[in-house]
Structures are given as structure tokens and as C-alpha cells.
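S.K.: Residue numbers (the UniProt record's numbering): 1 to 147.
1. Compute the distance between the beta-carbons of residue 24 and residue 54, then report whether it is under 7 Å.
2. Would you mind reading off the limits of the beta strand (DSSP E) that contains residue 96?
3. Within the segment 58 to 127, note down every full alpha helix (DSSP H) run reaching 4 residues or more, in order along the chain.
4. Quick check on this structure: which residue in 117, 59, 87 and 45 has the alpha carbon closest to the alpha carbon of residue 107?
5. For residue 29, which residues does DSSP report across the bridge?
6. Under 7 Å between the Cβ atoms of residue 71 and residue 62?
7. Spatial neighbours of residue 31 within its chain, please: CB distance less than 6 Å, with the 5 preceding and 5 following residues excluded, ordered by chain position.
8. Residues in the same chain with beta-carbon distance under 7 Å from residue 10, minus the five sequence neighbours each way, listed in chain order, please.
9. In three-state terms, what does DSSP make of residue 24?
10. Taking the beta carbon of residue 120 as the centre, do at least 16 other beta carbons fall within 10 Å, making it buried, or is it exposed?
11. Using the DSSP secondary-structure output, state which residues sit across from residue 41 in a beta bridge.
12. Taking the alpha-carbon of residue 27 as reference, which of 65, 91 and 74 has the nearest alpha-carbon?
What follows is the structure, given as C-alpha cells:
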């Protein structure tokens, strides 16, 4: 299949235009590459490039006004894919299927660092206290539905 981060950007903008009051979550975004375990490491620069390009697309969509509240890379672990069985490895963590041993790929370490940097950046921004009449907690359903 082709890799089209611009398609993710276009989709997020189109969904936001069609449903402006609905928060968007990218629930599964990833790609399979021919990962090779060598010396207890998996070097997967193609997956890092893929994730970087798609996260950039999400960031551009947000900058353009899209109400994206979450992004989840697919997948945490190499797993069984219905269409391909165990032949395609989508995970950020390599699974040695016979032994079930797990080895974080370079992409897992990169993604960890991206998340940590984002968290540090958010912690530097002082939170705005809620208005006195505003409930402090909202249910996830209310948040997702924009209530």
C-alpha cells in the first residue's frame, strides 16, 4: 500500500468541517515494515519516518482548526493481523513469537521521547482554573460529545 500522510491531514480537516463539534481521535495509525531483530535491537527508520510524517499531518490539521484530542500509534506490539496473520509487523515492540520475548524497536524509543517532550511542553503552560460554576469533572462521554 502507499503511504499518504497528506490523506490523514485531508481526512481530519474534512471530518472537522463536517462535524465541527465532535472531537476527533486517530485510533489506529501505523504501517508494517520488514523488521529484523539483530543484536537485541530492531532498527526501523521507515516506521519512525512514517510516524513523524503522520504526526506532522495531525499537527497541521490541529493548527488549521481540527479538534483532534488523541492519537494512537498502531500497534504497541507485533500481533496477528486478520488479513496477513503473523507475516506483517506493525508493532512498536518486536515480539519473538516462539518465545514471546519483547524488544522495543527504535520507533518505540522515538515515540516515547515524542510523548515525553509533548508532556514537558504542556507542563510549562500554566493550567487555567475552572470558572466557579463550571463542574471540574466531566464524563468521558460528555467530553467526546462536546458537552
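Just so you know, even glycine gets a beta-carbon here, dropped at the ideal spot from N, CA and C. The structure displayed is predicted, hence computed values, not measured ones.
M.R.: Short version:
1. Your numbering for residue 24 matches position 24 in the chain shown. Your numbering for residue 54 matches position 54 in the chain shown. No, Cβ-Cβ distance for residue 24 and residue 54 is not below 7 Å.
2. Here the question's residue 96 lines up with position 96 in the chain shown. Start and end: 93 to 96.
3. 106 to 124
4. Taking the chain shown and counting its residues from 1, the one referred to as residue 107 is at position 107. Comparing Cα positions, the closest option is 45.
5. On the chain shown, position 29 is the one that residue 29 refers to. BP columns for residue 29 point to 73.
6. Residue mapping note: residue 71 aligns to position 71 of the chain shown, counting from 1. Residue mapping note: residue 62 aligns to position 62 of the chain shown, counting from 1. Against a cut-off of 7 Å, the Cβ pair of residue 62 and residue 71 comes out as no contact.
7. Here the question's residue 31 lines up with position 31 in the chain shown. Within the same chain, and ignoring the five residues on either side of residue 31 in sequence, the residues whose Cβ sits closer than 6 Å to its Cβ are 50.
8. Stepping through the chain shown from its first residue, residue 10 is reached at position 10. So the list is empty, once near-sequence residues are dropped.
9. Residue 24 sits at position 24 when you count from the first residue of the chain shown. In this structure, residue 24 counts as strand in the three-state DSSP scheme.
10. Here residue 120 corresponds to residue number 120 of the chain shown, with the count starting at 1. With fewer than 16 Cβ atoms within 10 Å of its Cβ, residue 120 is classed as exposed.
11. Translated into positions along the chain shown, residue 41 becomes position 41. Residue 41 is bridged to 38.
12. As a working note, residue 27 is residue 27 in the chain shown. Looking at the Cα atoms, 74 is the closest of the given residues.
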